[in-house]
């Protein structure tokens, strides 16, 4: 993992002391623990071991050879001295190296760090200087880097520090231009692309440790040694035990609590690294602790023949073939969630997949070849102002048009001005964006089907008859418009843009009644089970989109459709392009009419694309239901209307209350900044539990991230007095993985739970739970056993994931459920008539079963296997879409990317009577809720006829006189 921290000149002395203080480290006194790197350092004769005095001088801006920070770097004490990139080795590698005594792993870590820094130097070193008020940048290819390898974490109050192998790479704020001058370093690219550099580090480390004969497993985006379990890693931490004790004093369990709840205890128990420890005694205590835990440092799982044999792990295929295969995987992995893929994310995914078997540049070449051959679509080159890299990028032509407008120049002269700005580094090339031709083709099929259906069907009812029907009805104007569109128009595919709380359900019920009177039938499809359940309660036949698309005999369902059928695709805004393409293809072929119903302002699909918005953008006949009825006060209705119209910040003053509870900040054991949000979570939980019991059931807590959701749920559980009153059950949480990840054995971990969605010939049965007991990376296979069965040889089933596209993967964890707890169903259960997302109350418990009250219906679930349940006091905005309640407590974190226009709009539109917004920063909140998240389309990169049109859907508007910093 790579974290960063900006260093200031005013702290030069303190930083010099911190980085050079290695008295508590065991191996770092050896030569090579503190060394220079980089071509910039070499040019200044800074080579070999780091001299503390020279390092201190550089932090002050004095680089030697008469070179001193000048006009390009601020001279005051607040000026930037450099940036610290901290490379933290995976914990299992730390243990094997520092406790198990394999010093070769120290070298592997060092080499991975060095290779990553060399990559950064080649691709991200850029000088920055102002000349006559104009900001110029230049790619320099040289950096001054001081590396310090440290090996311990911070100690606890009563125990020595734990092993924590990490390297601080201090990149100085200076780089040399081609004209020989030294200027400040522009570090924006380094900070922005940390995910890419983290992938390079982990891939290099992956390759190095496998060369030494170790097998590895993948945990999210980093590796661990396969023979050291996660349980052993977590147990080998006195800091962890200390933090757990501090949390237990507040009724919290460290095994259940997310990061935000652990942070306060981490900071409260943090000690300075000042006490000296005898190195031999410290190492001996680590060894004894490993013995007590039962770690076997000799239990490698790779064959003896491969140990220390560079040829043993080598792929014999040509490098370009390996790179192509890794890039194929990366495209499949990213394109599942986003149609538009930034270059750095593609490279990071492909490099991670490569495991260090090919150089990153080889993968870059493969990406370039793929785009040049038209196998990937790429947007036209775009540029940002060097003086404001956060501003929107524009194409060369767009910049020229802007210059021509502002200066009254001919376009040819403006183009020449722009070209000079690019050559001089005043306009900096933005990162390329890519999309697949398959994504473009699916989008085009969707729009083509809509266009082909215009005027293709006869009205069900004439407008005149319909208007007569409306006389004396209670339908709102928006509902009447929707019924006219559904019943009286001649387009096969039509859209209803229904704002939150406008009575879409009543409109559908009215439409169904009128259709049935005339011999038509209505069926509905919705993305989630809870939405299907609501539709059925309204008397409308409904199924999930997935069940319709994956039916064993789809023809049987489609045969029931025809010209006399109206199919409603509900909550269409969260239906991805992939599914919309298949849905429209199947439905329109039957001659049935399609009503696409949703709200483009609400949260978007998890998968790639914005299909509903695309249809509207390309001219689908659409009406808007804007008569909000849910909110019972005019003030709240107006707040929701403003949020729906993209004026989120203007709606903030209209909510009932904004409660600001600031976060606190500290540093972790590596000196990285940490944020503690627990005070705000405590305030939310306290206000919720202060409500009467009947009001709690009608109150929804909405938050942005799963971590904050888990933290708030745990606090509410404790504050309701339920902690320690129930039983601990095994629960399942879905792994957030793509199909590409689920197709590779290396992305599975021993202990994962696999649930097939269909029967397989190898013996896997649909719906049965299986535990992963072995992952074989070399042969791309995993072994599983049925849950509840002993891990005997005859019960083990070996599977090849790449041949199985219908697997769900879960993480098993333990949590307490008590009578009175509110829980959420996390997977459809047809046998118990439970749907994903459904809320229920726990009314009875015992070790072998749990009884739920589901809307007045009692359901008993046996606990012989893990349960698909979770606490349900807090939910994310995405899961809240479609829900209605009396009161909302909304946790809006100004720093989180999950706080944006769509999530804000969904969150404040669920309630009937009251909404309270909790935030960390009331001043920064308006800007946060106005942020528009980008859900891209391949059509954003190329025009309808593959003509380049640029990245943005809408070109930014500029006022005449904007400073372009052009000459």
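In my numbering, the protein residues as written are 1 to 967. No residue lacks a Cβ here, since even glycine has one placed at the ideal position from N, Cα and C.
Residue span of the beta strand (DSSP E) that contains residue i, given as start and end
| i | result |
| --- | --- |
| residue 172 | 163 to 172 |
| residue 702 | 699 to 703 |
| residue 135 | 134 to 139 |
| residue 604 | Premise fails: residue 604 is in no beta strand (DSSP E) and is neither H nor E. |
| residue 861 | 857 to 862 |
| residue 918 | 911 to 919 |
| residue 548 | From DSSP, residue 548 is part of no beta strand (DSSP E) but of the alpha helix (DSSP H) over 545 to 549. |
| residue 723 | No beta strand (DSSP E) holds residue 723; DSSP gives it neither H nor E. |
| residue 1044 | The chain is shown only over 1 to 967; residue 1044 falls outside these bounds and no answer can be derived. |
| residue 522 | 521 to 526 |
| residue 87 | 80 to 88 |
| residue 384 | 382 to 385 |
| residue 297 | Here residue 297 belongs to no beta strand (DSSP E), and DSSP marks it neither H nor E. |
| residue 657 | 657 to 660 |
| residue 429 | 427 to 429 |
For residue j and residue i, believed in contact at Cβ under 8 Å, the rounded distance
| i | j | result |
| --- | --- | --- |
| residue 914 | residue 553 | That belief does not hold up - the Cβ atoms of residue 914 and residue 553 are roughly 48 Å apart, past 8 Å. |
| residue 870 | residue 826 | 5 Å |
| residue 782 | residue 748 | 5 Å |
| residue 479 | residue 625 | 6 Å |
| residue 168 | residue 84 | 5 Å |
| residue 628 | residue 635 | Not quite, the Cβ-Cβ distance comes to about 12 Å (not below 8 Å), so this is no contact. |
| residue 888 | residue 812 | That pair is no contact at about 32 Å. |
Strand pairing of residue i, partner residues [DSSP]
| i | result |
| --- | --- |
| residue 623 | 496 |
| residue 598 | 497 |
| residue 823 | 840, 871 |
| residue 439 | Paired residues: none, contrary to the question. |
| residue 808 | 755 |
| residue 146 | 36, 170 |
| residue 220 | Answer is none; residue 220 lacks a bridge partner. |
| residue 727 | 817 |
| residue 829 | 834 |
| residue 665 | 675 |
Cβ neighbour criterion (16 or more within 10 Å) applied to residue i
| i | result |
| --- | --- |
| residue 891 | buried |
| residue 714 | buried |
| residue 307 | Low local confidence applies: a pLDDT of 45 at residue 307 is under 50, so the model's placement there is unreliable, with the coordinate-based value given in what follows. Looking at its Cβ environment, which holds fewer than 16 other Cβ atoms inside 10 Å, residue 307 is exposed. |
| residue 278 | exposed |
| residue 127 | buried |
| residue 87 | buried |
| residue 133 | exposed |
| residue 990 | Residue coverage of the chain in this structure runs from 1 to 967, which leaves residue 990 outside it and unanswerable. |
| residue 15 | buried |
| residue 585 | exposed |
| residue 361 | exposed |
| residue 402 | buried |
| residue 460 | buried |
| residue 665 | exposed |
| residue 743 | buried |
| residue 563 | exposed |
| residue 934 | exposed |
| residue 967 | Note that residue 967 has pLDDT 47, beneath the 50 cutoff, so the model's placement of it is unreliable and the number below is only indicative. Classification for residue 967: exposed. |
Short CB-CB distance (under 8 Å) between residue i and chain B
| i | result |
| --- | --- |
| residue 777 | Looking at the structure shown, chain B is missing, and only one protein chain is on hand. |
Limits of the alpha helix (DSSP H) - the one that residue i falls within
| i | result |
| --- | --- |
| residue 119 | 104 to 124 |
| residue 969 | Past the edges of the chain, shown from 1 to 967, lies residue 969, and the structure says nothing about it. |
| residue 998 | The displayed coordinates of the chain run from 1 to 967. Any statement about residue 998 would go beyond what the structure contains. |
| residue 892 | It is not in any alpha helix (DSSP H) - residue 892 instead sits in the beta strand (DSSP E) that spans 885 to 892. |
| residue 905 | 901 to 908 |
| residue 202 | 194 to 211 |
| residue 638 | 634 to 644 |
| residue 470 | 463 to 470 |
| residue 361 | 360 to 372 |
### Given 8 Å, three or more beta-carbon pairs between the region 561 to 578 and the region 604 to 611
Between the region 561 to 578 and the region 604 to 611 there are three or more C-beta pairs closer than 8 Å, enough to call the two in contact.
### Message
Taking contact to mean 3 or more Cβ pairs, one atom from each stretch, closer than 8 Å, check whether the region 612 to 622 and the region 476 to 495 are in contact.
### Response
They touch, by the three-pair rule.
### Query
Does the region 902 to 917 touch the region 875 to 891, meaning 3 or more C-beta pairs lie closer than 8 Å?
Result yes; three or more Cβ-Cβ pairs closer than 8 Å.
#### Entry: Contact the region 414 to 434 vs the region 463 to 481: 3+ CB pairs below 8 Å
The region 414 to 434, when compared against the region 463 to 481, does not touch it at the 8 Å Cβ threshold.
### Task
Tell me, please, whether the region 472 to 492 touches the region 450 to 457 by the rule of three or more beta-carbon pairs shorter than 8 Å.
Segment contact: the region 472 to 492 against the region 450 to 457, three or more CB-CB distances shorter than 8 Å; contact assigned.
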